[in-house]
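See structure below.
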Amino acid sequence: MNTESAGVQRVVVTGVGVLSPFGEGAEVLVRALEEGHSGVRFLEVPWAKSLNSALAAPVLIPVESRFTKLRRLTLDRVAQLALLAAGEALTQAGLDFSGDEGLHCGLFWGTGIGGATTLEQAYHESFLDAQARPRPTTIVAFMANGSAGQLSIEFKIRGPSFTYSSACSSSAVALGEAFLAVRQGRVRYALAGGSEALLTLGVMKAWESLQTLAKPDPVHPETSCRPFSRDRSGFILGEGAGALILESESSAQARGATILAEIVGYGNTTDAGHITQPDAGGQARAIQEALHMAHLAPDQIDAINAHGTGTVVGDGVETRALKIVFGDHAAHIPISATKALHGHLMGAAGAVEMVAALGALRRGIVPPTAHWTTPDPACDLDYVTEGARALPALNTIMSNSFGFGGNNAVLIARRYTVSP
Numbered sequence: 001m002n003t004e005s006a007g008v009q010r011v012v013v014t015g016v017g018v019l020s021p022f023g024e025g026a027e028v029l030v031r032a033l034e035e036g037h038s039g040v041r042f043l044e045v046p047w048a049k050s051l052n053s054a055l056a057a058p059v060l061i062p063v064e065s066r067f068t069k070l071r072r073l074t075l076d077r078v079a080q081l082a083l084l085a086a087g088e089a090l091t092q093a094g095l096d097f098s099g100d101e102g103l104h105c106g107l108f109w110g111t112g113i114g115g116a117t118t119l120e121q122a123y124h125e126s127f128l129d130a131q132a133r134p135r136p137t138t139i140v141a142f143m144a145n146g147s148a149g150q151l152s153i154e155f156k157i158r159g160p161s162f163t164y165s166s167a168c169s170s171s172a173v174a175l176g177e178a179f180l181a182v183r184q185g186r187v188r189y190a191l192a193g194g195s196e197a198l199l200t201l202g203v204m205k206a207w208e209s210l211q212t213l214a215k216p217d218p219v220h221p222e223t224s225c226r227p228f229s230r231d232r233s234g235f236i237l238g239e240g241a242g243a244l245i246l247e248s249e250s251s252a253q254a255r256g257a258t259i260l261a262e263i264v265g266y267g268n269t270t271d272a273g274h275i276t277q278p279d280a281g282g283q284a285r286a287i288q289e290a291l292h293m294a295h296l297a298p299d300q301i302d303a304i305n306a307h308g309t310g311t312v313v314g315d316g317v318e319t320r321a322l323k324i325v326f327g328d329h330a331a332h333i334p335i336s337a338t339k340a341l342h343g344h345l346m347g348a349a350g351a352v353e354m355v356a357a358l359g360a361l362r363r364g365i366v367p368p369t370a371h372w373t374t375p376d377p378a379c380d381l382d383y384v385t386e387g388a389r390a391l392p393a394l395n396t397i398m399s400n401s402f403g404f405g406g407n408n409a410v411l412i413a414r415r416y417t418v419s420p
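Sequential numbering of the sequence shown, starting at 1, is according to full-length UniProt numbering.
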């Protein structure tokens, strides 16, 4: 790999962890996507009847049971998901930060909202009873950096800590900034990723009012999110967490760690156009920045994990952005939009989808864009609509994350080869 200066280090991934609507574990996620399983279902909660559509992609395992009652007092669901995903990643990486190594690890975490469950509960109780007093732990449970704080405490991470909140691109930004920190030698290790748990009545009703949620299919509701299909109508809200361990190649080699992949590019741009409407030019610039950092030509990208939310406007804009950058080659790149299956995980989406992309890279199989039914002239690329596709020569993969507010974050990974 070419480097921009002698001080730039190769950045590798040595651990991944996921909590998703398919269950616990990165391998569970990768296999479920390959097999086209859907994590979308109707919520079975008392307040679901207050929604126009109670379709969502929840994490069904009893997450709270993994923590003591005392510990749960300071843990919103978003932090619980974060802790479990990070624990899996650290175990796979074989890292223990209880000693001095924790001084050399940075923490980079993303979330769109933070502790939505705790905040909604506090408001609900206060509005019902003017004399009600929120739990003393309310602030620390709902604050945006609560997950990062709990991660540092649990795993004894004592390097720099950052919380990123840029809507749907939050955890992709966290990964990108962690990549830069390791690349530049500012930290030896990085725990990076994101979590989101926003399946609450208030949040879901707010999204309903924005009219971006998918209309339920009357026969097969689990297929309601249909990225890049002409009959698409929006996305399905989900929850989850994704965590990755990044470190320098030299560090991983010195401790004999198994290297899963190499991160080689990151681009981050802002549209500066509209708070919710995406811009193809801004997205294209982020893709070009990532390619430039990776020292890759457009025709060297073998597959793409698209942002692909399933909204009428968003999918068309992303398609245009890909055409701007890749030109005629855009039609020859397999493009997967996995939100059709695991839902839109908002602040956790970038990290969870990056884990999915690394799984595809490792296995040489890209997941499908599920539930596609009808061609759309505005979305005329290769969206892997036939099912999972084997790509034995898969060497590089790109993952797109584009958020409200106009933030665009693009990551590129490639199959790891030992430095000469």
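Ideal placement from N, C-alpha and C gives every residue a C-beta, glycine not left out.
Note that the structure is a prediction, hence the values are computed from the model and not measured.
Would you kindly report the start and end of the unbroken alpha helix (DSSP H) that includes residue i?
i: isoleucine 245; result: Segment 240 to 248 is the beta strand (DSSP E) holding isoleucine 245; no alpha helix (DSSP H) there.
i: threonine 117; result: 116 to 128
i: tryptophan 207; result: 201 to 210
Taking 6 Å as the limit between beta carbons, can you name the residues of its chain near residue i, skipping five residues before and five after?
i: leucine 43; result: Ala54 and Ala56
i: asparagine 408; result: Thr269, Gly282, Gln283, Ala286 and Phe402
i: serine 251; result: Arg188
i: threonine 3; result: Reliability of the predicted coordinates at threonine 3 is poor, the pLDDT of 41 falling under 50, and the value obtained from them is presented with this limitation in mind. Hits under 6 Å: none found.
i: arginine 255; result: none
i: leucine 345; result: Glu196, Gly238, Gly240 and Val352
i: arginine 230; result: Thr374 and Asp376
i: glutamate 222; result: Ser38 and Val40
Is DSSP giving residue i helix, strand or coil here?
i: alanine 190; result: strand
i: aspartate 376; result: strand
i: threonine 396; result: strand
i: alanine 144; result: coil
i: phenylalanine 179; result: helix
i: isoleucine 153; result: helix
i: alanine 93; result: helix
i: glutamate 386; result: coil
i: glycine 102; result: helix
i: serine 170; result: helix
i: leucine 237; result: strand
i: serine 229; result: coil
i: isoleucine 139; result: helix
i: leucine 83; result: helix
i: serine 251; result: helix
i: glycine 273; result: coil
i: glycine 25; result: coil
i: glycine 282; result: helix
Shorter than 9 Å from the beta carbon of residue i to some beta carbon of chain D?
i: aspartate 271; result: The structure shown has no chain D; it contains just one protein chain.
For residue i, which residues in the same chain have their Cβ closer than 7 Å to its Cβ, ignoring the five residues on either side in sequence?
i: glycine 87; result: Gly17
i: glycine 405; result: Ser166, Ala167 and Ile275
i: phenylalanine 326; result: Pro298 and Ile333
i: asparagine 395; result: Asp302, Arg414 and Arg415
i: phenylalanine 97; result: Cys105, Phe155, Lys156 and Ile157
i: threonine 385; result: Pro368, Thr369 and Trp372
i: glutamate 64; result: Arg72 and Gln80
i: alanine 178; result: Gly106, Phe108, Ala190, Ala192 and Leu246
i: serine 147; result: Val78, Ala79, Ala82, Trp109, Thr111 and Ser195
i: leucine 33; result: Thr338, Leu341, Ala356 and Pro367
Which residue comes first and which comes last in the beta strand (DSSP E) that contains residue i?
i: tyrosine 164; result: 161 to 164
i: glutamate 262; result: 261 to 270
i: alanine 409; result: 407 to 414
i: glycine 110; result: 105 to 110
i: valine 16; result: 11 to 20
Near residue i, which residues of its chain fall below 8 Å by C-beta distance, leaving aside the five closest residues on each side in sequence?
i: leucine 201; result: Trp47, Ser50, Leu51 and Glu120
i: proline 392; result: Gly364
i: proline 160; result: Gly106, Leu107, Ala181, Arg186 and Val187
i: serine 152; result: Leu107, Arg158 and Ser161
i: serine 126; result: Ala132 and Pro134
i: histidine 329; result: Pro298 and Asp299
i: valine 219; result: none
i: alanine 280; result: Val317, Glu318, Arg320, Ala321 and Ile324
i: valine 140; result: Thr74, Gly146 and Gly149
Throw me the rounded Cβ distance for the residue i and residue j pair, which I believe falls under 8 Å.
i: alanine 144; j: proline 134; result: No, alanine 144 and proline 134 are not in contact; Cβ-Cβ is about 17 Å, not under 8 Å.
i: proline 368; j: alanine 388; result: 5 Å
i: serine 401; j: alanine 349; result: 6 Å
i: leucine 244; j: alanine 89; result: 6 Å
i: threonine 14; j: isoleucine 259; result: 6 Å
i: leucine 84; j: methionine 354; result: Not quite, the Cβ-Cβ distance comes to about 18 Å (not below 8 Å), so this is no contact.
i: valine 264; j: alanine 294; result: 4 Å
i: glycine 316; j: lysine 339; result: Not quite, the Cβ-Cβ distance comes to about 16 Å (not below 8 Å), so this is no contact.
i: valine 366; j: cysteine 225; result: The pair is not a contact, with the Cβ atoms about 18 Å apart (cut-off 8 Å).
i: valine 8; j: arginine 232; result: Not really, about 41 Å apart at Cβ, beyond 8 Å.
Length at least 4, wholly inside the region 284 to 360: the alpha helix (DSSP H) runs in chain order
Taken in chain order, the complete alpha helix (DSSP H) segments of 4 residues or longer contained in the region 284 to 360 are 312 to 326 and 339 to 342.
Write down every uninterrupted run of the alpha helix (DSSP H) in the region 28 to 80 whose length is 4 residues or greater and which is fully enclosed by it, in chain order.
Runs of alpha helix (DSSP H) with 4 or more residues, each lying fully within the region 28 to 80, are found at 69 to 72, listed in chain order.
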